[in-house]
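Before any comments, here is the structure.
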Amino acid sequence: MKIINVLNTKAPKSNLQKNGTHNLGIRNSKWLSFPYILWMAGFIIIPLIVIVYYGMTTNDKRITIDNIASILNPINLRALRLALELSLISTIICLVLAYPLAIILRKSKMKNNSFIVMIIILPMWMNFLLRTIAWQNILERTGVINVFLKLLNLPSLNIINTPGAIVLGMVYNFLPFMVLPIYNVLIKIDKDVINAARDLGANGMQTFMKIILPLSLPGVISGITMVFVPSLTTFVISNILGGSKIVLIGNVIEQQFRVGNWHTGSGLSLVLMIFILISMAILSKYDKEGEGSGLW
Amino acid sequence: MVKRFFERFYIGLILVFLYAPIIILIVLSFNSSKSRSKWGGFTLHWYKELFKNQSIMNALYTTLIIAFLSALIATIIGTAAAIAINSMKKTPRTIMIAITNIPMLNADIVTGISLMLLFVALRYTLGFTSVLISHITFNIPYVILSVMPKLKQLNPHTYEAALDLGASPVYAFFRVILPDIFPGVFTGFFLAFTMSLDDFVITHFTKGPSINTLSTKIYTEVRKGIKPEIYALSTLMFITVLLLLIIINRRSADKKEPVRRL
Numbered sequence: 000m001k002i003i004n005v006l007n008t009k010a011p012k013s014n015l016q017k018n019g020t021h022n023l024g025i026r027n028s029k030w031l032s033f034p035y036i037l038w039m040a041g042f043i044i045i046p047l048i049v050i051v052y053y054g055m056t057t058n059d060k061r062i063t064i065d066n067i068a069s070i071l072n073p074i075n076l077r078a079l080r081l082a083l084e085l086s087l088i089s090t091i092i093c094l095v096l097a098y099p100l101a102i103i104l105r106k107s108k109m110k111n112n113s114f115i116v117m118i119i120i121l122p123m124w125m126n127f128l129l130r131t132i133a134w135q136n137i138l139e140r141t142g143v144i145n146v147f148l149k150l151l152n153l154p155s156l157n158i159i160n161t162p163g164a165i166v167l168g169m170v171y172n173f174l175p176f177m178v179l180p181i182y183n184v185l186i187k188i189d190k191d192v193i194n195a196a197r198d199l200g201a202n203g204m205q206t207f208m209k210i211i212l213p214l215s216l217p218g219v220i221s222g223i224t225m226v227f228v229p230s231l232t233t234f235v236i237s238n239i240l241g242g243s244k245i246v247l248i249g250n251v252i253e254q255q256f257r258v259g260n261w262h263t264g265s266g267l268s269l270v271l272m273i274f275i276l277i278s279m280a281i282l283s284k285y286d287k288e289g290e291g292s293g294l295w
Numbered sequence: 000m001v002k003r004f005f006e007r008f009y010i011g012l013i014l015v016f017l018y019a020p021i022i023i024l025i026v027l028s029f030n031s032s033k034s035r036s037k038w039g040g041f042t043l044h045w046y047k048e049l050f051k052n053q054s055i056m057n058a059l060y061t062t063l064i065i066a067f068l069s070a071l072i073a074t075i076i077g078t079a080a081a082i083a084i085n086s087m088k089k090t091p092r093t094i095m096i097a098i099t100n101i102p103m104l105n106a107d108i109v110t111g112i113s114l115m116l117l118f119v120a121l122r123y124t125l126g127f128t129s130v131l132i133s134h135i136t137f138n139i140p141y142v143i144l145s146v147m148p149k150l151k152q153l154n155p156h157t158y159e160a161a162l163d164l165g166a167s168p169v170y171a172f173f174r175v176i177l178p179d180i181f182p183g184v185f186t187g188f189f190l191a192f193t194m195s196l197d198d199f200v201i202t203h204f205t206k207g208p209s210i211n212t213l214s215t216k217i218y219t220e221v222r223k224g225i226k227p228e229i230y231a232l233s234t235l236m237f238i239t240v241l242l243l244l245i246i247i248n249r250r251s252a253d254k255k256e257p258v259r260r261l
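Heads up: the sequence lines are chains S and G, in that order. Each residue of the first sequence is one higher than the last, beginning at 0 in numbering that gives the first Met the number 0. Each residue of the second sequence is one higher than the last, beginning at 0 in numbering that gives the first Met the number 0.
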């Protein structure tokens with residue numbers, strides 16, 4: 000899970016801050032980055048090259064595109080399409096749920112905003128697999144929701160092992176990653192800007208559309224990436240809440256590796272990486288200052 | 000007033016949504032029935048059993064050791080890197096930050112698979128060290144991104160003053176810079192520890208058959224049913240962290256620093 004992206008979203012900066020120098024300028028400090036550079040080269044860059052190599056070769060080391068082309072296999076294609084659909088739906092639901100929440104939290108003027116962050120992040124301290132399993136208890140035929148519905152004499156719902164349950168699991172697990180970046184951007188919006196808009200005669204709606212929404216866009220974008228990428232690639236949530244019949248692209252890849260089909264698995268991962276790269280590219284468009292992909 | 004009520008109500012709904020599964024898990028840890036879906040009465044049995052269950056205790060031990068070591072090493076490498084990046088010129092700095100972002104934006108499954116393939120290609124046996132290395136890899140960015148903002152707030156003149164007054168660079172670092180950036184370093188360590196603790200996907204691919212962390216142990220039990228001891232353990236862990244955070248929060252609320260702004 001990726002909390003920091005969420006905790007530190009780039010804020011709309013005031014001019015003063017922009018002009019302020021932030022170079023510590025410790026002389027000859029460059030060597031301090033050598034361990035890091037070596038580490039990243041060894042364990043980030045080279046592994047990515049290795050996965051490309053595996054994805055484009057066969058067992059007997061011949062170059063091929065069959066592994067990548069195996070995405071066109073109807074089963075895999077269906078898994079990819081379903082994963083795209085479900086992760087898109089959950090991203091939209093997260094956005095719809097999170098934006099008003101962030102606005103309300105901003106208005107609440109809590110003295111201690113780390114308290115809000117804490118409340119939203121706290122659930123993550125219970126193992127993510129266990130939390131997802133707990134949703135089985137809630138959604139099951141004899142689960143909490145249906146017991147409740149029975150008490151009210153309502154017909155029972157059949158949610159578990161449907162795509163709906165997977166969407167719910169995604170929204171549940173990744174909602175904090177949408178709330179926090181938006182909240183972080185919203186609280187950093189200069190109140191004077193909003194007041195100025197009101198003074199100049201803008202009504203509530205106009206202030207929102209012309210001031211708050213555009214300024215919060217970096218947070219929205221990083222929230223979208225933070226929800227979309229993990230939802231698209233998950234295999235755990237679909238495994239636990241979707242039963243064995245619903246297969247997402249993440250499940251296909253995990254399965255390929257489990258049965259030892261590493262080359263096919265890598266090829267399919269490369270396909271996934273295309274979608275990840277697209278999200279990264281969109282994100283970096285909002286990072287004009289090179290300070291960390293709009294996550295900062 | 001009505002609007003106010005709706006706002007409260009909305010926050011309440013979201014909190015119920017976020018905390019419902021956690022309450023379920025805590026309730027399950029006191030359930031005397033072994034089945035997840037049946038309530039058999041209140042018991043503390045699983046809390047006693049927990050400490051006798053060697054395989055769970057082993058997994059807990061492995062998880063904590065990996066979390067601690069990976070967070071510690073990542074903190075050292077990451078803090079050093081953050082200082083260097085902070086004093087770089089714009090272009091190398093942008094490149095470094097872009098590389099830092101890769102493991103954060105990349106899907107866990109791709110990171111996990113690529114690391115596993117690397118270890119296999121190097122004929123390195125998957126096990127404790129491969130998991131440790133992987134965890135350090137995804138932890139370093141958290142440290143860098145926590146330390147960087149603190150470095151930006153630093154007053155560069157204090158360090159130079161220390162040098163002018165005859166301190167060696169190392170001495171000046173430990174006496175002048177480190178105390179100022181310590182909150183960031185601590186946050187980085189804390190986040191790294193958490194990330195390592197909670198990680199499943201990357202561990203799943205890089206662990207090999209010989210070891211288990213709590214996450215991977217839970218995953219193998221998903222199909223055959225989770226042992227109730229696990230609920231007890233995670234309840235204990237959750238409560239511990241909850242108390243810790245409340246204490247930290249109290250403390251930082253007591254001696255709240257004025258927000259430093261340029």
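The beta-carbon is built from N, C-alpha and C at its ideal position, and this holds for glycine as well.
{"Query": "Below 8 Å, how does it come out for the region 54–72 of chain G and the region 159–167 of chain G: are there three or more Cβ pairs, yes or no?", "Result": "no"}
{"Query": "Chain G beta carbons: is any one of them nearer than 9 Å to that of F234(S)?", "Result": "yes"}
{"Query": "Determine, using beta carbons only, whether M123(S) comes closer than 9 Å to chain G.", "Result": "yes"}
{"Query": "With a CB to CB cut of under 7 Å and the five nearest residues on each side skipped, what residues in its chain are close to N136(S)?", "Result": "G142, V143"}
{"Query": "Helix, strand or coil, according to DSSP, for F234(S) in the structure here?", "Result": "coil"}
{"Query": "Entirely within the region 189–225 of chain S and at least 4 residues each: give me those alpha helix (DSSP H) ranges in chain order.", "Result": "190–198, 203–206"}
{"Query": "Cβ atoms of L96(S) and V270(S): under 9 Å apart, would you say?", "Result": "no"}
{"Query": "When you compare only the Cα positions, how much space is there between E290(S) and S265(S)?", "Result": "Here the model assigns E290(S) a pLDDT of 45, short of 50, so the residue's position is not dependable and the matter cannot be decided."}
{"Query": "Closest Cβ-Cβ distance between L68(G) and chain S: below 9 Å?", "Result": "no"}
{"Query": "Report yes or no: is there a C-beta of chain G within less than 9 Å of the C-beta of N126(S)?", "Result": "yes"}
{"Query": "Select from the region 20–35 of chain G all residues with a C-beta closer than 8 Å to any C-beta belonging to chain S, and list them in chain order.", "Result": "P20, I21, I23, L24, L27, R35"}
{"Query": "DSSP state of N7(S), grouped into three classes?", "Result": "Residue confidence for N7(S) is low, a pLDDT of 47 falling below 50, so the modelled location carries little weight; the figure read from the coordinates is stated next. In the structure shown, N7(S) sits in coil (DSSP, three-state: anything other than H, G, I, E or B)."}
{"Query": "Label W124(S) either buried or exposed according to how many other C-beta atoms from any shown protein chain fall within 10 Å of its C-beta, with 16 as the threshold for buried.", "Result": "buried"}
{"Query": "Measure the C-alpha to C-alpha separation of T131(S) and K190(S) and round it to an integer number of angstroms.", "Result": "39 Å"}
{"Query": "Taking the continuous alpha helix (DSSP H) assigned at D163(G), which residues delimit it?", "Result": "155–163"}
{"Query": "Could you name the residues of the region 42–54 of chain S whose beta carbon sits closer than 7 Å to any beta carbon of chain G, in the order they occur along the chain?", "Result": "F42, I43, I45, P46, L47, V49, I50, Y53"}
{"Query": "Here's the rule I'm using: 16 or more other beta-carbon atoms within 10 Å means buried, otherwise exposed. How should A19(G) be labelled?", "Result": "buried"}
{"Query": "Kindly list the residues whose CB is nearer than 7 Å to the CB of G187(G), restricted to its own chain and excluding five residues on each side of it in sequence; keep chain order.", "Result": "T74, G77, Y141, V142, S145, V146"}
{"Query": "V226(S) and S89(S) look like a contact to me (Cβ under 8 Å); what is the Cβ gap, rounded to whole Å?", "Result": "7 Å"}
{"Query": "Is it right to say Q205(S) is buried, meaning 16 or more other beta carbons lie within 10 angstroms of its own, or is it exposed?", "Result": "exposed"}
{"Query": "Output needed in chain order: residues of the region 254–276 of chain S with a Cβ under 8 Å from some Cβ in chain G.", "Result": "F256, W261, G264, S265, S268, L271, M272, I275"}
{"Query": "For the alpha helix (DSSP H) that A106(G) lies in, which residues bound it at each end?", "Result": "That residue, A106(G), is in no alpha helix (DSSP H); it is neither H nor E in DSSP."}
{"Query": "Mapping DSSP to helix, strand and coil, what is I158(S)?", "Result": "coil"}
{"Query": "Between which two residues does the alpha helix (DSSP H) carrying P148(G) extend?", "Result": "127–152"}
{"Query": "Could you list which residues in chain S have their beta carbon closer than 8 Å to that of P178(G), in chain order?", "Result": "Near P178(G) there are no residues of chain S at all, since even the closest Cβ is about 14 Å away, more than 8 Å."}
{"Query": "Which residues does DSSP pair with F41(G) in a beta bridge?", "Result": "N30(G)"}
{"Query": "Is there a Cβ of chain G sitting closer than 9 Å to that of N66(S), yes or no?", "Result": "no"}
{"Query": "From the beta carbon of T57(S), is the nearest beta carbon of chain G less than 9 Å away?", "Result": "no"}
{"Query": "Mind checking whether N138(G) and A83(G) have CB atoms under 9 Å apart?", "Result": "no"}
{"Query": "If distances are taken between C-alpha atoms only, which option among N172(S), N250(S), R197(S) comes closest to R77(S)?", "Result": "N250(S)"}
{"Query": "Chain G partners of T63(S), CB-CB under 9 Å?", "Result": "Going along chain G, no residue has its Cβ under 9 Å from T63(S), so there is no contact; the nearest lies around 17 Å."}
{"Query": "Identify each residue in the region 104–116 of chain G for which the Cβ-Cβ distance to at least one residue of chain S is less than 9 Å, and report them in chain order.", "Result": "L104, N105, A106, D107, I108, V109, T110, I112, S113, L114, M115, L116"}
{"Query": "Buried or exposed: Y60(G), going by 16 or more other Cβ atoms within 10 Å of its Cβ?", "Result": "exposed"}
{"Query": "Considering only residues of the same chain and omitting the five flanking positions on each side of G126(G), which have a CB-CB separation below 8 Å?", "Result": "K206, G207, S209, I210"}
{"Query": "Let's test the definition: count the other Cβ atoms within 10 Å of the Cβ of F197(G) and tell me whether it reaches 16, buried, or not, exposed.", "Result": "Note on identity: in this sequence residue 197(G) is Asp, with Phe being the wrong assignment. Flag for D197(G) reads buried."}
{"Query": "Could you tell me whether any Cβ in chain S is nearer than 9 Å to the Cβ of T99(G)?", "Result": "yes"}
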